[in-house]
Amino acid sequence: MDKSMSLSRQYETSRAPPRARGELPLAGRAASHAEDGLIDFDAPCRRCGYNLRGLQLNQDCPECSAPAWTVAAGEFLSLSDPRWVAGLARGAHATLLGLSLAVLSAIVLACFHAAYSWTLVRVIVVMLAIPPYGCGMWLLTTPDPSGLGEASYASARRIGRAALCIGLLGAGIAVASGWTGPGWLDPTLFTTSGLALIVGHVAVLLYLGKLCRRVQDAVLPQWARLVRVGMALLAILLTGMMVAVMLDVSRLAGEIMMGVFLAGLAIWIGGFGILILLCISFLMRLGMVLSREAQVARSRRAGAAWGGADDHGVDRPGGRGGRAQSGTDTHS
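For the sequence shown, position 66 matches number 470 in the numbering used here, and the numbering has no gaps at all.
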């Protein structure tokens with residue numbers, strides 16, 4: 405069993421990304437408390453979330469037969485349920501598709517504004533972009549079935565998912581209505597959905613920044629932080645401009661404030677374009693990394709008990725052990 409523990413630590417070292425201050429703690433650090441091979445800490449199964457406390461590292465989960473040794477190897481996505489990780493990858497690709505369709509359709513249709521009304525342009529953009537974008541965000545915010553990471557980012561994930569659902573639904577209704585409803589309806593919907601979308605995107609980026617610490621890519625968390633900060637700054641600038649318009653600063657402060665307002669508008673438009681490019685780059689990298697992690701997870705799951713050597717050439721402890729008679733179900 406000492407050999408098994410040594411191999412577990414060797415695996416953890418080979419896969420561990422650089423740790424940053426405030427980073428999501430890895431479950432592998434708890435392996436030091438199981439010197440005799442006994443899991444004496446609360447450790448959810450990477451596949452089903454069953455509490456493996458009381459099992460030996462060379463045994464299997466009594467619920468789904470996943471090997472128990474993975475709890476000592478860290479919280480990496482490549483050790484999680486491959487179906488969930490693949491869902492995250494599909495979510496990143498769908499979100500990228502929706503964002504790209506929105507940008508491309510807006511540019512193309514804007515070139516024909518003389519032939520088509522802006523109402524038609526808005527409706528077409530919404531019909532093309534919102535379905536894949538909304539589905540992608542929903543998949544990206546799906547919780548890990550094992551429950552890992554929820555203590556760190558559950559609030560951001562839930563707030564982001566709820567706010568984006570409200571924002572996208574409100575934007576879709578407001579745009580698809582073609583501005584034909586009551587005078588107060590569309591501005592109210594746009595304002596509400598706009599604020600919800602800002603809050604939702606900032607929350608989702610906060611969640612993704614922490615989720616990305618579970619993959620072998622030190623750049624992704626930095627990308628998420630950069631996009632989140634840029635979005636927050638643009639939101640603050642936009643809010644200030646909206647307040648300035650409502651207060652009619654041009655009349656109160658004259659041409660100077662109007663010049664400041666126009667400069668802020670130009671900065672916002674340029675910053676928005678840069679932010680869109682950053683989001684596209686981030687989603688492309690995120691989708692690529694998540695697809696890789698899903699493939700690694702599937703290759704590990706393909707083995708009878710994830711035995712043998714992993715993709716890094718490190719042997720896993722044990723093979724298929726007997727089903728454990730102990731363990732506690734965390735879902736009961």
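Virtual Cβ for every residue (Gly too), placed ideally from N, Cα, C.
Rounded C-alpha distance that separates residue i from residue j
| i | j | result |
| --- | --- | --- |
| residue 458 | residue 445 | 8 Å |
| residue 456 | residue 639 | 45 Å |
| residue 598 | residue 564 | 13 Å |
| residue 501 | residue 491 | 15 Å |
| residue 700 | residue 688 | 19 Å |
| residue 746 | residue 679 | The first residue shown for the chain is 405 and the last is 736, placing residue 746 beyond what the model contains. |
| residue 621 | residue 704 | 20 Å |
| residue 627 | residue 469 | 37 Å |
| residue 471 | residue 697 | 18 Å |
| residue 576 | residue 460 | 53 Å |
| residue 612 | residue 625 | 8 Å |
| residue 560 | residue 619 | 19 Å |
| residue 462 | residue 441 | 8 Å |
| residue 428 | residue 448 | Only weak support exists for where residue 428 lies, its pLDDT of 38 falling under 50; the value from the coordinates is given anyway. The alpha-carbon atoms of residue 428 and residue 448 are separated by roughly 16 Å. |
| residue 464 | residue 451 | 11 Å |
| residue 473 | residue 558 | 25 Å |
| residue 562 | residue 540 | 15 Å |
| residue 433 | residue 595 | Below a pLDDT of 50, predicted positions are generally treated as unreliable, and residue 433, at 43, falls in that range; the measurement from the model is reported next regardless. Cα to Cα, residue 433 sits roughly 46 Å from residue 595. |
| residue 454 | residue 617 | 23 Å |
| residue 527 | residue 641 | 27 Å |
| residue 629 | residue 479 | 21 Å |
| residue 467 | residue 554 | 21 Å |
Any chain B beta carbon closer than 9 Å to residue i
| i | result |
| --- | --- |
| residue 604 | Of the protein chains in this structure there is only one, and it is not chain B. |
Beta-carbon spacing of residue i, residue j below 9 Å
| i | j | result |
| --- | --- | --- |
| residue 636 | residue 606 | yes |
| residue 702 | residue 547 | no |
| residue 623 | residue 545 | no |
| residue 676 | residue 631 | no |
| residue 481 | residue 615 | yes |
| residue 579 | residue 529 | yes |
| residue 569 | residue 542 | yes |
| residue 503 | residue 684 | yes |
Inter-residue CB distance, residue i and residue j (contact presumed, cutoff 8 Å)
| i | j | result |
| --- | --- | --- |
| residue 484 | residue 556 | Contact flag wrong, Cβ pair sits at about 15 Å. |
| residue 593 | residue 574 | 5 Å |
| residue 538 | residue 572 | 5 Å |
| residue 682 | residue 634 | 6 Å |
Residue i beta carbon near the ligand COA (any heavy atom closer than 8 Å)
| i | result |
| --- | --- |
| residue 495 | Absence of the ligand COA is noted for the structure shown, with no ligands found whatsoever. |
Practice prompt. Examine the Cβ distances between the stretch 496 to 506 and the stretch 690 to 701 and report whether three or more of them are shorter than 8 Å.
Written response: Yes: at least three Cβ pairs fall under 8 Å.
Worksheet item: Counting Cβ pairs closer than 8 Å, one from the stretch 533 to 541 and one from the stretch 503 to 513, do we hit at least three?
Response: A contact exists between the stretch 533 to 541 and the stretch 503 to 513.
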